[in-house]
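Undergrad:
Chains as they are written, first to last, in this note's numbering: chain A, 6 to 244; chain B, 10 to 347.
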């Protein structure tokens, strides 16, 4: 992990010692959009990456997340996906050659670069009240957390096409803690409408899975990479 | 005319062909608006921000939350790329305060004690205790609405933590309790990003978060003539749903209901809210492989001349591109992936 080596502190010392690294001020950001989907997905991604001198902005293809991830998602410090999702699943869209990617052994991230990934989509990060196996695809010898710090999203269905990604981009750029900024941006948008269909409040409930001890990571000051193949995972979720 | 619209609303249309040859989703509207909603004439409001200055409100929130920050030298700084002012704690770096001068919006976050510990936060209030504690905080901060009867409890929730080690998960720990207050004006529900206060409580009910997007109301007179005829609503809802979910296969919509929409930017207007289930072709959209349908909410103005922001999102200034096969020919140093 080229960037984090500049901040070689233990996770426990992170908050006290964190500082903005000049090298990391040029972090790498990538945006990935459900291919051939509704316009809001493009708007979601663009309104996040526009806060940075972003490096990638692509229509989704499965290989960006899987076989070619070292050139794409895992070649960034911060990756932002938006599209239709399901439990542990990212839809790639009708324009993609493969229709979805499931989190797990085909999505090993962080062994090249990636620290943070956001899924602005439904259900990609389920919680213990949604699934008892909430952690399984994320951690293990050959699973997703191979140096990744945090994976952020929603535990339930979510609504997008609103101000969240723009708000969140500003907060991350302002160096607020990464997952806390997401929860705050979601709450800024929160509203309620009674109905027979909508059983939870708009825009949904946020969730994050992270390596324990990296809870206070900020985009411009974060802890050292967790070891590859570890089996420790923490989740925070709204309910 | 009315009969024609009703027929359209109740008709299950077969897939239509759009202007560019693309299919638009089939839509079913359950019913036309009810006669009670259709007969309502609701005013619009301009929202008036009545919150003290940024420094004053920040100091009071920090003091109430028990912060040890030095508030005498406190300064808020502009947040780049926005119209917000921002303060970050120096003693407790979990503290973040954002303030929007034009609307009075407040967004405050701090950690509960032992936020990352595998234990319940001690003395965390729940249920009505949480509601009462949240109301006390708002009163002490002088952030209650001018008309407190408008405040309604929408939801009591919070944030939980769990962890897994070597395949063994812990139980879930309650870390924060959250009380979401919404608004009702004259018995009519208000939705949208404005008209809410979300109070977050930590140990022993300590204030650890506040999202306040609330403006006082300056009524703008309106008449029946200013409102979209109820009979025209189903067609407008259909268009809105089909435009927003143009890649869907089928949209099953409920009865439109009349309420208020607060855009969080100083405008509250009567609006038609329609919830829907949107389903997709599982052969094209794999997230729906088991027939999953997504929830949708259409909100359209009930006024002929709307000035509220119903979109709430900036359009992308550029479109993504297809990725090249490889970028830079980089290889996986660990050799575990590619």
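In this text, a Cβ means the ideal position worked out from N, Cα and C, and glycines have one as well.
Which residues does DSSP pair with residue 109/B in a beta bridge?
TA: Paired residues: 114/B.
Undergrad: Mind listing the chain A neighbours of residue 172/B? Cutoff is C-beta to C-beta under 8 Å, in chain order.
TA: Correct list: 217, 237, 238, 239, 240.
Undergrad: Which residues bound the alpha helix (DSSP H) around residue 66/B?
TA: Where residue 66/B is concerned, the enclosing alpha helix (DSSP H) stretches over 63-73.
Undergrad: So what's residue 227/B in DSSP terms, helix, strand or just coil?
TA: Reduced to three states, the DSSP call for residue 227/B is strand.
Undergrad: Quick check on DSSP: helix, strand or coil for residue 299/B?
TA: Three-state result, residue 299/B: coil.
Undergrad: Based on the DSSP secondary-structure assignment, which residues constitute the bridge partners of residue 164/B?
TA: In DSSP, residue 164/B forms a bridge with 189/B.
Undergrad: Can you tell me the Cα-Cα spacing of residue 96/B and residue 117/B, whole angstroms?
TA: Cα to Cα, the separation comes out at about 9 Å.
Undergrad: Please list, in chain order, all residues of the same chain as residue 65/A whose beta carbon is under 7 Å from its beta carbon, the five residues on each side excluded.
TA: 37, 38, 39, 40, 88, 97, 98, 101.
Undergrad: Reducing DSSP to helix, strand and coil, say where residue 33/A ends up.
TA: Coil, per DSSP.
Undergrad: Can you pull the chain A neighbours of residue 147/B, defined as C-beta to C-beta under 8 Å?
TA: None at all; the shortest Cβ gap to chain A is about 16 Å.
Undergrad: Measure the beta-carbon distance from residue 211/B to residue 185/B and round it to whole angstroms, keeping in mind my assumption that it falls under 8 Å.
TA: Confirmed, about 6 Å.
Undergrad: Per DSSP, which one or two residues make a beta bridge with residue 262/B?
TA: 38/B, 285/B, per the DSSP bridge assignment.
Undergrad: Hey, residue 183/A and residue 222/A are a contact pair by Cβ (cut 8 Å); roughly how many whole angstroms apart?
TA: Going by Cβ atoms, the distance from residue 183/A to residue 222/A rounds to 5 Å, so yes, they are a contact pair.
Undergrad: Closest to residue 164/B by CA distance: which of 239/A, 71/A, 209/A, 77/A is it?
TA: Answer by Cα proximity: 209/A.
Undergrad: Which bits of chain B does residue 198/A rub up against, with CB to CB less than 8 Å?
TA: Going along chain B in sequence order, the residues near residue 198/A (Cβ under 8 Å) are 198, 200, 268, 282, 284, 306.
Undergrad: Do residue 226/B and residue 49/B have their C-beta atoms within less than 8 Å of each other?
TA: No. Outside cutoff.
Undergrad: Taking a cut of 7 Å between CB atoms, which residues from the region 114-129 of chain B lie near chain A?
TA: Listed in sequence order: 116, 118, 125.
Undergrad: At the level of alpha carbons, what is the spacing between residue 197/B and residue 179/A?
TA: Looking at the two C-alpha atoms, the distance is approximately 38 Å.
Undergrad: Could I get the ranges of all uninterrupted beta strand (DSSP E) runs contained in the region 80-152 of chain B, with 3 residues as the minimum, in chain order?
TA: With a minimum length of 3 residues, the continuous beta strand (DSSP E) runs that stay inside the region 80-152 of chain B are 94-97, 105-109, 114-118.
Undergrad: Who are the neighbours of residue 168/A on chain B, taking C-beta pairs under 9 Å?
TA: By Cβ distance, chain B contributes 202, 273, 321, 322, 323.
Undergrad: Going along chain A in order, which residues have a C-beta closer than 8 Å to the C-beta of residue 34/B?
TA: By Cβ distance, chain A contributes nothing, its closest Cβ being about 11 Å from residue 34/B, past 8 Å.
Undergrad: Just mark residue 46/B as buried or exposed, buried being the case when its beta carbon has 16 or more other beta carbons within 10 Å.
TA: Buried.
Undergrad: Should residue 140/A be listed as close to the ligand PLP, given that the test is whether its C-beta is under 7 Å from any heavy atom?
TA: Inclusion of the ligand PLP in the displayed structure is not the case, the ligand content being empty and no account of it being possible.
Undergrad: How would you list, in chain order, the residues of chain A whose beta-carbon sits under 7 Å from the beta-carbon of residue 205/B?
TA: Correct list: 195, 196.
Undergrad: With 8 Å set as the bound, which would you pick, yes or no: does the beta-carbon of residue 95/B sit closer than that to a beta-carbon of chain A?
TA: So, interface residue.
Undergrad: Hey, how far is the Cα of residue 333/B from the Cα of residue 76/A?
TA: Each residue's alpha carbon lies about 10 Å from the other.
Undergrad: Let me check understanding here. Comparing Cα to Cα, which of 304/B, 123/B, 307/B, 288/B lies closest to residue 298/B?
TA: When each option's Cα is compared against that of residue 298/B, the closest is 288/B.
Undergrad: Compare the C-beta of residue 348/B against all C-beta atoms of chain A and say whether one is closer than 8 Å.
TA: The first residue shown for chain B is 10 and the last is 347, placing residue 348/B beyond what the model contains.
Undergrad: Let me know the secondary structure DSSP gives residue 30/B once reduced to three states.
TA: Below a pLDDT of 50, predicted positions are generally treated as unreliable, and residue 30/B, at 41, falls in that range; no measurement from the model is reported.
Undergrad: Keeping to the same chain, check which residues put their C-beta closer than 6 Å to that of residue 147/B; ignore five residues upstream and five downstream.
TA: Result list for residue 147/B: 153, in chain order.
Undergrad: Name the chain B residues whose beta carbon is nearer than 8 Å to that of residue 206/A?
TA: Simply 163, 164, 189.
Undergrad: Relative to the alpha-carbon of residue 303/B, which residue among 253/B, 279/B, 274/B, 328/B has its alpha-carbon at the smallest distance?
TA: Comparing Cα-Cα distances from residue 303/B to each of 253/B, 279/B, 274/B, 328/B, the minimum goes to 253/B.
Undergrad: In whole angstroms, give me the CA-to-CA distance for residue 160/A and residue 236/B.
TA: Cα-Cα distance, rounded: 39 Å.
Undergrad: Using CA atoms only, rank isn't needed, just tell me which of 144/B, 59/B, 295/B, 207/B is closest to residue 67/A.
TA: Of 144/B, 59/B, 295/B, 207/B, the residue nearest in Cα terms is 295/B.
Undergrad: What does residue 63/A reach in chain B if we use C-beta pairs closer than 8 Å?
TA: What residue 63/A touches in chain B: 329, 330, 331, 332.
Undergrad: Note down the Cα distance separating residue 141/B from residue 164/A, rounded to an integer number of angstroms.
TA: Taking the straight line from one Cα to the other gives about 30 Å.
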